[in-house]
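Participant:
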Amino acid sequence: MLNNTNKSTLRERNKARMERMADIATRWIGSTASLIVHTLLFIIAFTLPALQVVNFDKMLLTLTTIVSLEAIYLAIFIQMSVNKNSLDIENIQEDVEEIQEDIEEIQEDVEEMQEDVEEIQEDVEELQEDLVEEKEETDTLAPPPSSPPGRLSQIEHLLSELQKEIALLKKNQVSS
878 MLNNTNKSTL
888 RERNKARMER
898 MADIATRWIG
908 STASLIVHTL
918 LFIIAFTLPA
928 LQVVNFDKML
938 LTLTTIVSLE
948 AIYLAIFIQM
958 SVNKNSLDIE
968 NIQEDVEEIQ
978 EDIEEIQEDV
988 EEMQEDVEEI
998 QEDVEELQED
1008 LVEEKEETDT
1018 LAPPPSSPPG
1028 RLSQIEHLLS
1038 ELQKEIALLK
1048 KNQVSS
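Everything in the sequence shown is counted per the working numbering, starting at 878 for the first residue and increasing by one.
1. Give every residue of the same chain whose Cβ lies closer than 7 Å to the Cβ of Ile820, excluding the five residues on either side of it in the sequence, and list them in chain order.
2. Under 8 Å by Cβ, that's how I've got Leu951 and Ile901 pegged, so tell me the actual separation to the nearest angstrom.
3. Measuring CA to CA, which of Ile983, Met895, Ser1052 and Leu1036 is closest to Ile1003?
4. Report yes or no: do the region 986-1001 and the region 1044-1053 share at least 3 C-beta pairs separated by less than 8 Å?
5. Nearest CA to the CA of Leu1008: which residue from Ile1032, Glu978, Thr942 and Glu988?
6. The alpha helix (DSSP H) that contains Leu918, what's its start and end?
7. Are the C-beta of Glu982 and some C-beta of chain C separated by less than 8 Å?
8. Can you tell me the Cβ-Cβ gap for Leu1029 and Lys1041, rounded? I've got them flagged as a contact below 8 Å.
9. Give the C-beta separation of Leu940 and Ala922 to the nearest angstrom, bearing in mind that I take them to be a contact with Cβ-Cβ under 8 Å.
10. Within 10 angstroms of its Cβ, does Phe954 collect 16 or more other Cβ (buried), or is it exposed?
11. Pick out the complete alpha helix (DSSP H) segments inside the region 940-989, 4 residues or longer, and give them in chain order.
12. From the DSSP output, in three-state form, read off Ser881 for me.
13. If we ignore side chains and look at the alpha-carbon of each, how far apart do Met898 and Leu917 end up?
14. For Leu925, I'd like the list of residues in its chain whose CB is within less than 6 Å of its CB, leaving aside the five on either flank, ordered along the chain.
15. What residue does the alpha helix (DSSP H) around Val1051 start on, and which one ends it?
16. Candidates Phe919, Ser1052 and Glu988: which alpha carbon is nearest Phe933's?
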């Protein structure tokens, strides 16, 4: 006895198998090989009464029945393809909407980063101005005995490194 899970799995496999068969049939019916086969079958069907193998009315009745059944199945296959394509389009539209949301979030992040970089740039400029003022003061005055030697050059070096990092951040931001 099959439980509900096995029945569901079996149904899904059968459905997938039927969809694959429908896809194969639809592709074949729309091919050049199908055109050739149908043309040959029609030629044979109309040749049989001429060779007196079968009665013309009987051949026409059989051919009409076969063509009608084929048209019904073709309409079903076409509708299945339309349904499948509609589902694919809906999935693609959802993906595009998600991507658009991601892009908007990234743009907001980039704007925030740009504001942060601008603030850092302003801080560096203020530090640089302070450094220039301090340098001017130290040039006119003797250095205080408590100030360690080379402190000014360390600050200048630090500011120089900060400016390089800011330039790199701006360059990366423009690239993205």
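Every residue gets a Cβ at the ideal spot worked out from N, C-alpha and C, and that includes glycine.
Every value quoted in this text rests on a predicted model; they were computed, and no experiment measured them.
Facilitator: Concretely, from the data shown:
1. The question about residue 820 has no answer here: the residues shown for the chain are numbered 878 through 1053.
2. As a working mapping, residue 951 is identified with position 74 in the sequence shown. As a working mapping, residue 901 is identified with position 24 in the sequence shown. At roughly 14 Å, the Cβ-Cβ gap does not stay under 8 Å, so Leu951 and Ile901 are not in contact.
3. The count along the sequence shown starts at 1 and reaches residue 1003 at position 126. Per the sequence shown, residue 1003 should be read as Glu rather than Ile. In terms of Cα proximity to Glu1003, the closest of Ile983, Met895, Ser1052 and Leu1036 is Leu1036.
4. Yes, the region 986-1001 touches the region 1044-1053.
5. Within the sequence shown, residue 1008 is the residue found at index 131, counting from 1. Relative to Leu1008, the option among Ile1032, Glu978, Thr942 and Glu988 whose CA is nearest is Ile1032.
6. Here the question's residue 918 lines up with position 41 in the sequence shown. Taken as a continuous stretch (DSSP letters only), the alpha helix (DSSP H) holding Leu918 covers Thr909 to Ala927.
7. No chain C appears in this structure, which consists of one protein chain only.
8. Start at 1 with the first residue of the sequence shown, and residue 1029 comes out as number 152. Start at 1 with the first residue of the sequence shown, and residue 1041 comes out as number 164. Your pair Leu1029 and Lys1041 does not check out as a contact, with CB atoms roughly 19 Å apart and the cut at 8 Å.
9. Locating residue 940 in the sequence shown gives position 63, where the first residue counts as 1. Locating residue 922 in the sequence shown gives position 45, where the first residue counts as 1. Leu940 to Ala922, Cβ: 5 Å. Contact.
10. For the purposes of this step, residue 954 is taken as the residue at position 77 of the sequence shown. Classification for Phe954: buried.
11. none
12. Translated into the one-based positions of the sequence shown, residue 881 becomes position 4. For the sequence presented, residue 881 should be read as Asn rather than Ser. Here Asn881 sits in helix by DSSP.
13. Counting from 1 along the sequence shown, the entry for residue 898 is found at position 21. Counting from 1 along the sequence shown, the entry for residue 917 is found at position 40. If you take the alpha carbons of Met898 and Leu917, they lie about 24 Å apart.
14. The residue you call residue 925 lines up with position 48 of the sequence shown. Answer for Leu925: Val931 and Met936, listed in chain order.
15. Within the sequence shown, the letter at position 174 stands for residue 1051. Start and end: Arg1028 to Ser1052.
16. Counting from one through the sequence shown, the residue named residue 933 turns up at place 56. Nearest option by C-alpha distance: Phe919.
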